[in-house]
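Numbering (mature numbering (1 follows the signal peptide of the UniProt record, and there is no 0)), first residue to last: -23 to -1, 1 to 209.
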């Protein structure tokens, strides 16, 4: 019986050590989907992070915005709330005291807006913007001309909008990275990817910018390994 008890303790200790190894102390990660998107859009990223030892409890995927009216979503109000809550929860539960934030498309600028508004920059180690429009979308026009939807308006993605002007030059983490494509069907919808000679997906003051030969959604689903590399 004594030998059995000792073996049982040893087995328990083994499982505890395995569990600890699997749930390594890493930054919590917040993954913010794009306009009319869904948390599952980041499934490839989640699978890659879990392969590298992240626990599901260390990954936060807020679900924001209308799913049926892309033109109704902007960067102010109800769209912010789920993202803000996820960032606050991720910080509170992070074993390192820091978080990493990865946003796709409008989720990139939305997460940047929230980080700036709630003064969370000091808690963000790495910020990754995938196919974002940090300098605006020519398909939205140039503010305030021909801006007819919320997505392109004051709190939207028209070139020169008050929202984007307010974010320009701000920092959203200790390190900032952009992932972009010159074949992006959304950012380059008019055939022009640049604003002021710079790709619109690039972030002022960024640490790095990576380009891939893929489309707007392929930038998210096809770069999971790169995303994971950028936040480590």
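Note that the Cβ used here is the ideal one computed from N, Cα and C, for glycine as well.
As a beta-bridge residue in DSSP terms, residue 8 pairs with 79. Distance from the CA of residue 184 to the CA of residue 177, rounded to the nearest whole angstrom, comes to 16 angstroms. Taking every protein chain shown into account, the CB of residue 44 has fewer than 16 other CB atoms within 10 angstroms, so this residue is exposed. Contact check for residue 173 and residue 146: beta-carbon distance about 13 angstroms, past the 8 angstroms limit, so the pair fails to qualify. Residue 155 is bridged by DSSP to 106 and 186.
Taking C-alpha positions only, residue 132 is separated from residue 28 by approximately 37 angstroms. In this structure, residue 113 places its C-beta atom within 8 angstroms of the C-beta atom of residue 135.
Residue ranges of uninterrupted alpha helix (DSSP H) with 4 or more members, entirely inside the stretch 125 to 181 and ordered along the chain, are 139 to 144. Shown here, residue 19 sits in a helix according to DSSP, grouped into three states.
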